[in-house]
Amino acid sequence: MTEIDDLRSAVRDFLTDNAPVRSNLEDNPSTWKRLSSEMGLTSLPVEDAPLSWLAAVIEETGRVLLRQPYLPTVVAATALKAAGDEQHLAGLADGSLTAALALDGDLTQVPHGLEAGIVLVAKGDELWVCEETAVEPLETLDLTRPAARIQVSAGRHVGSALHARDLEHISYAAESVGAAQRVLELVVEHLLVRTQFGRPLGSFQALRHKVADLTVLLEAARSSTWYAAGEPEDFAVAAPLARALASEAFVTVTGEAIQLFGGIGFTWEHDAHLFFKRAWTTALATDSKALKKLAFDRSGA
Amino acid sequence: MTFRDEVASWLAEHLTGRFAPLVGTGGPGREHENVELRREWEKELATGRWIGIAWPREVGGRGCSIEEQVVFYEEYAKAGGPARINHLGEQLAGPTIIAFGTQEQKDRFLPGILAGTELWCQGYSEPNAGSDLAGVRTKASLVDGEWHVDGQKTWTSLAHLAHWCFVIARTDPSSSRHKGLSFLLVPMDQPGIEVRPIIQLTGTSEFNEVFFDDAVTASDNVVGEPGDGWKVAMGLLAFERGVSTLGQQVGFTREYADVVELARANGTFERYEAELVDAWASLQVLKHQALRTLNTDQATSNGVEANVNKLLWAPWHKKLGELAMKVSGSAAMLTDGELTPLQNLFLFTRSDTIYGGSSEIQRNVIAERLWKLPRDTWTAT
Chain V
-11 MTEIDDLRSA VRDFLTDNAP VRSNLEDNPS TWKRLSSEMG LTSLPVEDAP LSWLAAVIEE
49 TGRVLLRQPY LPTVVAATAL KAAGDEQHLA GLADGSLTAA LALDGDLTQV PHGLEAGIVL
109 VAKGDELWVC EETAVEPLET LDLTRPAARI QVSAGRHVGS ALHARDLEHI SYAAESVGAA
169 QRVLELVVEH LLVRTQFGRP LGSFQALRHK VADLTVLLEA ARSSTWYAAG EPEDFAVAAP
229 LARALASEAF VTVTGEAIQL FGGIGFTWEH DAHLFFKRAW TTALATDSKA LKKLAFDRSG
289 A
Chain X
3 MTFRDEVASW LAEHLTGRFA PLVGTGGPGR EHENVELRRE WEKELATGRW IGIAWPREVG
63 GRGCSIEEQV VFYEEYAKAG GPARINHLGE QLAGPTIIAF GTQEQKDRFL PGILAGTELW
123 CQGYSEPNAG SDLAGVRTKA SLVDGEWHVD GQKTWTSLAH LAHWCFVIAR TDPSSSRHKG
183 LSFLLVPMDQ PGIEVRPIIQ LTGTSEFNEV FFDDAVTASD NVVGEPGDGW KVAMGLLAFE
243 RGVSTLGQQV GFTREYADVV ELARANGTFE RYEAELVDAW ASLQVLKHQA LRTLNTDQAT
303 SNGVEANVNK LLWAPWHKKL GELAMKVSGS AAMLTDGELT PLQNLFLFTR SDTIYGGSSE
363 IQRNVIAERL WKLPRDTWTA T
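If you want it as structure tokens, here you go:
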């Protein structure tokens, strides 16, 4: 076991106990407090933890569909630190300040925009740090990720938005991989327990092969995500590529999961739809085809 | 000089002159190319001690680290090194003998592989034991200090060139399935063995049927104990860390580049852009997956990395062959007597999802080994 595995399992234990999937249908401020001050997870960027650690934590937050703004807050801290802008780092590190990301420049529906202390806004390819001046909460299809229509202050230009976007890409990739992994685990649990025609569903080859295909899709996305999270030389190629693959895998896995769960997966009480909605809304925030093309062009292939 | 420089400069100095025609030749679907010269090349590699680089030093290898092996495969592929004519000796027979063989077997067989003078083939598949390898029927019995082998193997790559064959044979006639099998080393040059080529749908041949009709081998040419053949054969899989797949990927990259180049040249790039970009993306995934596998140790392994790898590259490669045809357009309808490299890619890749464990078998393994899903309950009684 390496340090990253220890971190992963500590975070998993914490989130399983404190933020199980269903709890994320509602806000729970104490979770954020414990996650930041007790677990110290928001301070990772400031403590120079490798990006792979952040990605590992975000993967774990994906498993429970964490409602709290962990992803945008640590992406903001990492991006600001990389840009040499220290003003907000202390607040972001101790969790007293949260961030939202509008790196596509769209302020009409900003994930986690409701109570963000700062907003990273892209104007063209420039990165600006702004504060919210008006906030209007939105009803969302994804019941575990709140969003808001916001207006922001003029703000401050802090550098290029390109790297910040790549950090956002790798983070969403990690979240998608973690969530898809959890769904697949739940599917397999179901296939082992549920019997029809006198045998466990998991003994039917049509279902076994479906699970194997989803596994391959997910493992591929995971490999690319972990590769990018290792900050290789071609990070700017690997990050958007990882997001595209993870997005597609998340969508496919959650869609097929509802099929594999059968009728139970179509019910409100089951978690399948929560993952399915998270998958689609995460994927719809970008265009995986365009991300692949971006990566392709950047690679010079 | 770094290891990378050492490899690169040796290749630059030797893969030239009379060996120049070898650049980029051989390999799955192209094993019929430059056979004689590739045999010479294997001996040339031996002079540079480039055979068995992963083998321990005490048996004559270089004891290279995984990182060094990766470097070697990358540089070898970058230089366009030809497919190795004795990969079955270096990658399978040798490592098996190192792991399970006696000192006498090591002394007898390893030097020939390291010198590039003794070539090997693999006697696993049979007409009725393909995906279900445990169904082998080839039998062997010990009579007067010799194993007598009877039966038929098939899909035996390079059997027509090999000096030795490692054969899985049933040595306990009362046994079934995985039990009672032995791992025998059988010399190919004898009256009891007949090799017949299989002509593939590419029109070329690299596989054979091998008929054993009272073929013989010495009693001590069994690796491991008689009856432990399955364990010995499968033990090998544990050594396969997928290092060589990185070299394979350099080949894939070259094939992909050829397809893109053609698309740009004949004006079809825009029409097939989405597919070409997708193929590129999946090629990156192959690299990422291989690197992750290499960085995985026993403790963090999910046990199915190799199966996932296969299910990623084989269908990808097949699709690349199809894409190559679409990009070629109607020009691909004509052959000029011989298949073009892209036509060969298109046709040969139909086998990628069959050999080395079919895609269906890989899926079963993932379902069972990773997810512990129960086996299909129908079994022959």
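So the sequences go chain by chain: V and X. This note's numbering numbers the first residue of the first sequence as -11 and each following residue consecutively. This note's numbering numbers the first residue of the second sequence as 3 and each following residue consecutively. All C-beta atoms, glycine included, are put in the ideal place defined by N, C-alpha and C.
Query                                                                                                                                                                                    : Result
What would DSSP say about Leu89(V), mapped onto helix, strand or coil?                                                                                                                   : strand
With a cut-off of 8 Å on the beta carbons, I'd call Leu17(X) and Gly83(X) a contact; round off their distance for me.                                                                    : 6 Å
Helix, strand or coil: which one does DSSP assign to Gln124(X)?                                                                                                                          : strand
What does Ala283(V) reach in chain C if we use C-beta pairs closer than 9 Å?                                                                                                             : Any reference to chain C falls outside this structure, whose protein chains are V and X.
Can a CB atom of chain V be found closer than 8 Å to the CB of Ala95(X)?                                                                                                                 : no
Can you find a CB in chain V that lies within less than 8 Å of the CB of Trp373(X)?                                                                                                      : yes
Considering only residues of the same chain and omitting the five flanking positions on each side of Arg41(X), which have a CB-CB separation below 7 Å?                                  : Ile87
Taking only runs of the alpha helix (DSSP H) that begin and end inside the segment 138 to 188 of chain V, which ones reach a length of at least 4 residues, in chain order?              : 149 to 181
From the DSSP output, in three-state form, read off Lys277(V) for me.                                                                                                                    : helix
Roughly how many whole angstroms lie between the Cα atoms of Ser25(V) and Gly83(V)?                                                                                                      : 7 Å
If you measure between the beta carbons of Phe168(X) and Val73(X), is that distance less than 8 Å?                                                                                       : no
For the alpha helix (DSSP H) holding Asp201(V), just list the boundary residues, first then last.                                                                                        : Gln193 to Ala217
Along the alpha helix (DSSP H) that carries Ala79(X), what are the first and last residues, could you check?                                                                             : Ile68 to Lys80
Quick one: what's Arg111(X) bridged to in DSSP?                                                                                                                                          : Note on residue identity: the sequence assigns Phe, not Arg, to residue 111(X). In DSSP, Phe111(X) forms no bridge with anything.
Suppose the cutoff is 6 Å on Cβ atoms and the five residues either side in sequence are ignored; what does the same chain contact list for Leu388(X) look like?                          : The displayed coordinates of chain X run from 3 to 383. Any statement about residue 388(X) would go beyond what the structure contains.
With a cut-off of 8 Å, does the C-beta of Pro38(V) fall near any C-beta of chain X?                                                                                                      : no
Run through DSSP, which three-state label would Leu183(X) get?                                                                                                                           : strand
Among residues of its own chain, excluding the 5 on either side of Lys108(X), which ones have a beta-carbon nearer than 8 Å to its beta-carbon?                                          : Val61, Ile99 and Ile100
How far does the alpha helix (DSSP H) with Glu42(X) in it reach, from first residue to last?                                                                                             : Val37 to Thr49
Under 8 Å, do Leu248(V) and Lys198(V) count as touching if we go by C-beta distance?                                                                                                     : yes
Once you ignore the five residues that flank Gly96(X) on each side, which residues in its own chain have a CB closer than 7 Å to its CB?                                                 : Gly54, Trp57, Leu112 and Ile115
Take every Cβ of the segment 105 to 125 of chain V, pair it with every Cβ of the segment 160 to 170 of chain V, and state whether three or more of those distances are shorter than 8 Å. : no
Between Glu207(V) and chain X, is there a C-beta pair that is closer than 8 Å?                                                                                                           : yes
Distance, Cα to Cα, Lys289(X) vs Ala308(X)?                                                                                                                                              : 13 Å
What did DSSP end up calling Leu59(V) once you bin it into helix, strand or coil?                                                                                                        : helix
Taking only heavy atoms of the ligand FAD into account, decide whether any of them is closer than 7 Å to the Cβ of Gly186(V).                                                            : Within the structure as shown, the ligand FAD is missing, as the structure has no ligands at all.
In or out: Glu156(V) buried (at least 16 other Cβ within 10 Å) or exposed?                                                                                                               : buried
Look at the Cβ atom of Leu325(X), then the Cβ atom of Val261(X), and state whether they are nearer than 8 Å.                                                                             : yes
CA-CA distance, Lys312(X) and Ala217(V)?                                                                                                                                                 : 24 Å
Within 10 Å of its beta-carbon, does Ser(-3)(V) have 16 or more other beta-carbons around it, so buried, or fewer, so exposed?                                                           : exposed
Kindly indicate the opening and closing residues of the beta strand (DSSP E) around Ile55(X).                                                                                            : Note, Ile55(X): premise wrong, no beta strand (DSSP E); not H, not E.
Since I believe Thr204(X) is in contact with Leu2(X) (beta carbons under 8 Å), could you give me their beta-carbon distance rounded to a whole number of angstroms?                      : Because chain X here runs from 3 to 383, residue 2(X) falls outside it and cannot be looked at.
Is it buried or exposed, Arg139(X), if we count other Cβ atoms within 10 angstroms and call 16 or more buried?                                                                           : exposed
Are the C-beta atoms of Asp134(X) and some chain V residue less than 8 Å apart?                                                                                                          : no
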